Each structure stands twice: as C-alpha cells, then as structure tokens.
Amino acid sequence: MLKIQIEELEMLVATVNCGNFSKAAEELGVTASVVSRTIKKLENKLNTTLFNRTTRKTQLTQEGQWLFNEASAMIAQGQRVESQLGERTAAPAGRLVVDAATPFSLHAIAPLIAGFNQEYPDVTVIMTSTESNIDLIERKVDIAIRIGHLTDSTLKARKLGETSRQLYASPSYLDKYGLPKSPSDLKQHNCLGFVKPDRLNVWPLQDENKNAIHIVPKTYADNGETLRQLAIQGCGIACLSRFTVNADVQAGHLRPILESDIQPESIPIYAVFYSDNEVNPRMRCFLDYISEHIVLK
1402 MLKIQIEELE MLVATVNCGN FSKAAEELGV TASVVSRTIK KLENKLNTTL
1452 FNRTTRKTQL TQEGQWLFNE ASAMIAQGQR VESQLGERTA APAGRLVVDA
1502 ATPFSLHAIA PLIAGFNQEY PDVTVIMTST ESNIDLIERK VDIAIRIGHL
1552 TDSTLKARKL GETSRQLYAS PSYLDKYGLP KSPSDLKQHN CLGFVKPDRL
1602 NVWPLQDENK NAIHIVPKTY ADNGETLRQL AIQGCGIACL SRFTVNADVQ
1652 AGHLRPILES DIQPESIPIY AVFYSDNEVN PRMRCFLDYI SEHIVLK
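Structural data, given as structure tokens:
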C-alpha cells in the first residue's frame, strides 16, 4: 500500500508553485496551517526533509526538488487521464468532416450514414469528396479515407480493410465489340482510364513477357465513379475496385472480364487523422461504426 496520498502531493506542488504555505492554502481553499501540517506529515512518512524553512522563505531541499518533479508529472498525467476518460464517456456530438474519393463515399460510406445517424443523432456528418490526398488541417477535415499504402508519417491511421480491382464492361459493349480473350486483346478495345495519377492506368494484368500492362485510355476521367458510369453506358472497359460495382454486377449492368488473368493484389484502405484528435468522441464513434459495418468485398 502506498504511504503517499495524492492530496499531499498536490499540496507540495501548490506550495512550490505559489512560493509559500499561505498562497498555496489560498489556492487550494484551505488554511495555511493545514498545508503546513500536511507537508510535515509527508516528510515524516518519507523520513526526509522536503523544505528548508526560515522566517522569510521556504526553499526545497534536493530531495524535495526531486519529489516535486515527480509529483508534478504524476498530477499532470492524472489530469490527462481524467480528461480523456471524460471525453470517452461523453455522448458524441457536433460536426464531423469526412473526406474520401467519390466512389468510396458513394458505395462504402453513404450506405452506412442512415444507421450511424440513428445511433448517434447528435453528430452531424459532413461528407466531402476529393480524388487526391489533401492537407487535413488546411481543408478542416477530421477524417480522410486513403486507398493504398500510406506515405504521410504525420498522420495516425486505422485500417478499415482491403480491396482489389477487376476489369468490367457492360453487356451492350461486349455484344458490340466482343469479349477479350487475353490481356493482349485490350489493344483493340476502348479502355477507360484516369487523367491522374497515371499509375492507376497500370492494370493488374501481365503481358506475354510478364510485364504489367499500362493501358492507353480511349476516354479519360478524373474519378472512378465517372469511369463506372461510362462503363455502364457501354463506352468501354474499366478497371475498378470491386466494392464499387458489386450491385452493378448483381443487377447485370456490368460483367467482369479476364478474371483468370487478373494478378492477385491487396489494396489497403485506411482512415487517417492527426494524432491530436485521437480522443475526439465524434471521430471514435464514427471509426468504430464504419469499421464494424463497412463492406469492401
């Protein structure tokens, strides 16, 4: 069992910070005699002298200085624990800005918002869509969704899952242009690709020399959702994340092609945020909710 009580350490710290017993007593709302007796009791417990006392001033001994430093750190840590616990138990409320690429917003997050709103009615979700990585502070974003391996070490991340890509075309396109039998056949087809980054136009296929296939698009778009719509309308073949087109495949609007030629890949998906915001109740409840309910296959 500990000999020292937290109240005794608080009086020690207050005495040092205030300069004497009287001012410490005033700050703590007790009498100077209470502070003096408490410090004396602490010295007796520890069998050491913490202050050199004179009629004019009270000065820490070497042992007193060491205990003051330790006590200050302990009290500060205790205050942080209380603050964080209070935030954890407080009902989440307020605005929460979430940014993600358009396809992820539409097909992964938007279907979950109604359920989230029902469970956390005091949280207002503001969804924004950006196709490239953004500065969270500059854009005043609480959480951003990043697809792919992370490069920004200043951000804290929570992995939501993984996805992979597949090639898709509409039945009308395939009726008109035929079904590609091998990756090399894509040269004779209308491929749909990204304006940028160009690395997204490297499809998970290999040519006869085992090299990755870098397609030259017939039609470009700056986001995956536009490419999805173009594919549905019969404009060409698109390489899309599976979670964005599951409903389209089930409805018969799109068909997967060259399935046996697709190279295995696992693309991680993260929710990222600045570490200072980790204890934010709004963020925590949102991250917990989407982690539990999100469908990425």
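Here the numbering used here is used: the first residue of the sequence shown is 1402, the next is one more, and so on. A virtual CB, placed ideally from N, CA and C, is assigned to each residue, including glycine. Note that the structure is predicted; figures quoted are calculated from it, not measured.
- Per the DSSP secondary-structure output, ILE1633 pairs with nothing in a beta bridge.
- Three or more beta-carbon pairs separated by less than 8 Å are not found between the segment 1527 to 1541 and the segment 1470 to 1490, which leaves the two stretches without contact.
- Just measuring C-alpha positions, the residue of ALA1492, LEU1451, LYS1557 sitting nearest TYR1675 is LYS1557.
- For ALA1501, the closest C-alpha among the options ALA1672, ALA1474, PRO1682, VAL1696 is that of ALA1672.
- Residues of the same chain with a CB within less than 7 Å of the CB of ASN1453, apart from the 5 flanking positions on each side, are GLN1460, THR1462 in chain order.
- GLY1637 sits away from PRO1504, with the two beta carbons spaced by 9 Å or more.
- Between the segment 1527 to 1534 and the segment 1645 to 1664, the count of C-beta pairs closer than 8 Å stays below three; the two stretches do not touch.
- Unbroken alpha helix (DSSP H) stretches of 4 residues or longer found wholly inside the segment 1596 to 1663: 1625 to 1633, 1643 to 1652, given in chain order.
- Judged by DSSP secondary structure, GLY1562 falls within the beta strand (DSSP E) whose first and last residues are 1556 to 1564.
- In the DSSP assignment, ASP1500 falls within the unbroken beta strand (DSSP E) covering 1495 to 1501.
- Beyond the five residues adjoining it in sequence on each side, PRO1493 comes within less than 7 Å, by CB distance, of TYR1521, ASP1523, VAL1524, PRO1682, ARG1683, CYS1686 in the same chain, given in chain order.
- In the three-state DSSP reduction, SER1533 falls in the coil class, being neither helix nor strand.
- Proximity to LEU1443 across LYS1611, LEU1410, ILE1548, ILE1670 peaks at LEU1410, based on C-alpha coordinates.
- Secondary structure note for ASN1681: it is in no beta strand (DSSP E), with a DSSP letter that is neither H nor E.
- Here DSSP, grouped into helix, strand and coil, assigns VAL1431 to coil.
- In this structure, TYR1569 keeps its C-beta atom at 9 Å or more from the C-beta atom of VAL1617.
- Going by C-alpha positions, HIS1590 is about 7 Å away from TYR1578.
- Contact check for GLN1607 and GLN1567: beta-carbon distance about 15 Å, past the 8 Å limit, so the pair fails to qualify.
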